[in-house]
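Chains as they are written, first to last, in this note's numbering: chain U, 46 to 567; chain H, 8 to 311.
For glycine and all other residues, C-beta sits at the position ideal for the given N, C-alpha and C.
What you are looking at is a predicted structure, and each value in this text was computed from that prediction instead of being measured.
The structure is reproduced here in structure tokens:
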């Protein structure tokens, strides 16, 4: 029995068990399917029962490739403990039996379910309950059906309420599964999860507990192709957001001692927005040698990092009304950056200004608010400044953020934001799809030699995809979507990681999508 | 004290059986995962009290036979002293009951007890809750504390002087519905040579028990009545079954629509041993089949 992983994002992934695509929903009414999974699944008693029956596990234990995590009857804390605490082997498909509903399915995928079943669909049908992705209804109380699945369209053809509900409830999970897989493949599963958990306090508790548990986990991508919608407080606890702020504090090394705080724009990257272009135009040379920091919610970003994911990849609800929570969250993040400056100017109104005021108090750094642009220009002109090249600083910061290192370049070409960086030859360019740097030539070789985001592969000729079994050794800090440098004795190449480095060589399936070879002796 | 008349099989015919629960000090083992019968016992029970309760019950009602439950072991000196037992025997003879049915754990059955039974001159039937012939299940899932061999030994002693009724328990915790049925079918074969009657007990969820903890978590469900029907139809041996709390959520149940009928048929079968009494059909039988097929995957009951 083979289980191959196609892609992994956090704990969620797509793959195949033999010819069965995962994530997969087992229809327990289908004997053929049930028999197939019985043959390859382990047997074990519910973890909650182990405490009560210390000697029972050995009676039932049967090994199997498909590993079960039995969460039925657990409270959110136990639920998360069982999921995170015991997750030590990602090579095998994980089956979470008995509890899948349309409402919790995306969350189950998010926490790593490869296989689920329709037990809840059937038992709810037995009790006359009609399931939807945001909650349940008693069928008897529904005069019209809020769904157009095949079962609902042919409601009258069913002999019994149970048969109808069993079909509808199963359809509802199937449809949610299909949606969740699409969201996963396009890097947006978390958006769906946040929508769904909102409809159930227990699910919300579980997501919050999980966010707390996975802090720092290298399973979650740092760069994505998708737009993030941080629309609730729970969005601020996303692994990506958590990572961004941690990395921001570590990598931000402003070239000057003067800072200007300005508000965000809807258009990203900020510098391409009308408001930012106008402001920069009006300030003219006065803004040179000044480090801009853009205030948003829940993000703040130095100009130097505005091309990085998630800063170029989010859309936040703007109303002009800031909640106390938002102000506090953003101000506390901003305060750690203010400490790095001697002079801080701000051109901000409303909630933005409140953020800066609070950050100023927290950091103990004075902020001078200037409303009039002309006045701001004069003040900046009067400051002692050391000019720096913004695009150089962007490159330096993106390198620090992405690779924890700096690299000398001699030339920058391209039209913003599509910048290309040269050291003789081209060594990097901004990849606006993922919000990071793609690397070439000498920089790739430098990364390889310093074992930074590098992957040693077996001796074979790389064609497109590198499979996990072909990986000898991979940096443990590699996350899905990271730009990595793969190499063997004949080849050095650049690719995109599809799974965490920790799993490379360990699991079956794809590991890296090659983009180009930098050196090839073949 | 609880006492009632029920119908029982006695030598191939249907007889009135006076059934009474004597409140003794309770079972000295008191550790089985599904049992809370000690809650029905009385820590301050005296031997005089027990006997006078017994007298009250037998004086009030007439019956062909008498069955005494102590919610423990009738032969346990701690519960019913020998002197009290002798007094009970005298009364049973005096009233002309054709049979005395009691219950005991095997550790209280000895050659002395066999002599006691022989000397009483009463047609004795002793029920032993062997529950299953699978020692792993009995020890680890039921926590019964004795082995199948202990039962066989007790039975050997008892059957020289009387009859033995073996209780089998349908659906110990953690077994799937399928495993539970298979366990009983196997146990019937194993128990057959050592028992005169086999009584199939269907699990009921009692409060304060380990089984209840599982039940409240949704990972235990009492057996389907369909499972009992399948066993009674398949087992090639005389079997009786009284589905206590049948059709209740905490008792053996189907879909709650066909339960009354099926419970009735099971009772009828117990008295007649006639397999043709099972005629009820219900759409929920399909759900039972899914249960049988799927629980090995889901590791918990599919239907409530």
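inquiry  = Can you give me the C-alpha to C-alpha distance between residue 360(U) and residue 276(U), rounded to a whole angstrom?
reply    = 9 Å
inquiry  = Quick check on the DSSP output: what are the complete beta strand (DSSP E) runs of length 3 or more inside the segment 468-534 of chain U, in order along the chain?
reply    = 470-476, 481-484, 499-502, 510-512, 516-519, 528-532
key: Segment contact flag, the segment 439-453 of chain U with the segment 331-344 of chain U, C-beta cutoff 8 Å, min 3 pairs   = no
task = Scan the segment 145-224 of chain U and note each continuous alpha helix (DSSP H) run of 4 residues or more that stays entirely inside, going in chain order.
result = 150-155, 164-171, 195-198
request  = Give me the Cβ distance between residue 433(U) and residue 334(U), rounded to the nearest whole Å; I'm assuming they're in contact under 8 Å.
outcome  = 6 Å
ask   = Is it a yes or a no for the segment 132-151 of chain H touching the segment 99-109 of chain U, going by three-plus beta-carbon pairs under 8 Å?
value = yes
inquiry  = Here's the rule I'm using: 16 or more other beta-carbon atoms within 10 Å means buried, otherwise exposed. How should residue 83(H) be labelled?
reply    = buried
inquiry  = Please state whether the Cβ-Cβ distance between residue 111(H) and residue 135(H) is less than 8 Å.
reply    = yes
message = Looking at chain H, is there any beta carbon in it that lies within less than 8 Å of the beta carbon of residue 216(U)?
response = no
key: Sequence-distant residues of its chain with Cβ nearer than 8 Å to residue 138(U) (five each side left out)   = 48, 60, 62, 67, 110, 111, 112, 159, 160
ask   = If you check the beta carbons only, do residue 268(U) and residue 203(U) fall under 8 Å apart?
value = no
inquiry  = Going by DSSP in three states, residue 273(U) sits in which element: helix, strand or coil?
reply    = strand
ask   = For residue 231(H), which three-state DSSP category applies?
value = coil
ask   = Name the chain H residues that come within less than 9 Å of residue 118(U), Cβ to Cβ?
value = 221, 223, 224, 225, 226, 307
ask   = How would you write the range of the beta strand (DSSP E) that residue 110(H) sits in, first residue to last?
value = 106-110
ask   = Between the segment 168-189 of chain U and chain H, which residues of the former have CB atoms less than 8 Å from a CB of the latter, in chain order?
value = 168, 171, 172
task = With residue 561(U) as the anchor, note down where its beta strand (DSSP E) starts and where it stops.
result = 555-565
inquiry  = Strictly below 8 Å CB to CB, what residues from chain U border residue 299(H)?
reply    = Simply none; closest approach about 10 Å.
query = Which first and last residues belong to the beta strand (DSSP E) in which residue 336(U) is found?
reply = 336-340
task = Tell me residue 86(U)'s beta-bridge partners as DSSP assigns them.
result = 111(U)
query = Which parts of the segment 249-303 of chain U are runs of the alpha helix (DSSP H), unbroken and 4 residues or longer, counting only runs that do not cross its ends?
reply = 284-296
key: Beta-carbon spacing of residue 132(H), residue 163(H) below 8 Å   = no
inquiry  = Starting from residue 55(H), trace the alpha helix (DSSP H) in both directions and tell me its first and last residue.
reply    = 54-67
request  = With a 10 Å radius around its C-beta and 16 neighbouring C-beta atoms as the bar for buried, classify residue 141(H) as buried or exposed.
outcome  = buried
Under the three-state DSSP convention, the category residue 168(H) falls into = coil
ask   = Hey, does residue 303(H) have any beta-carbon neighbour from chain U nearer than 8 Å?
value = yes
query = Just how far apart, CA to CA, sit residue 568(U) and residue 346(U)?
reply = The question about residue 568(U) has no answer, for chain U in this structure spans 46 to 567.
request  = Go ahead and pull the three-state DSSP assignment for residue 353(U).
outcome  = coil
key: Top-ranked residue by Cα proximity to residue 69(H), from 241(H), 99(H), 280(H), 210(H)   = 99(H)
request  = Could you spell out where the alpha helix (DSSP H) holding residue 428(U) opens and where it closes?
outcome  = Unbroken run through residue 428(U): none, as it is neither H nor E.
inquiry  = With a threshold of 8 Å between beta carbons, is residue 88(U) in contact with chain H?
reply    = yes
ask   = Under a three-way DSSP split, which group does residue 69(U) fall into?
value = strand
query = Is residue 108(U) close to chain H, meaning its C-beta is less than 8 Å from at least one C-beta of that chain?
reply = no
Status (buried if at least 16 other CB within 10 Å, exposed otherwise) for residue 323(U) = exposed
ask   = If we count Cβ pairs, one from each stretch, closer than 8 Å, do we get three or more for the segment 196-208 of chain H versus the segment 164-175 of chain H?
value = yes
ask   = Given a threshold of 16 other Cβ atoms within 10 Å of its Cβ, counted over all protein chains shown, does residue 135(U) qualify as buried or as exposed?
value = buried
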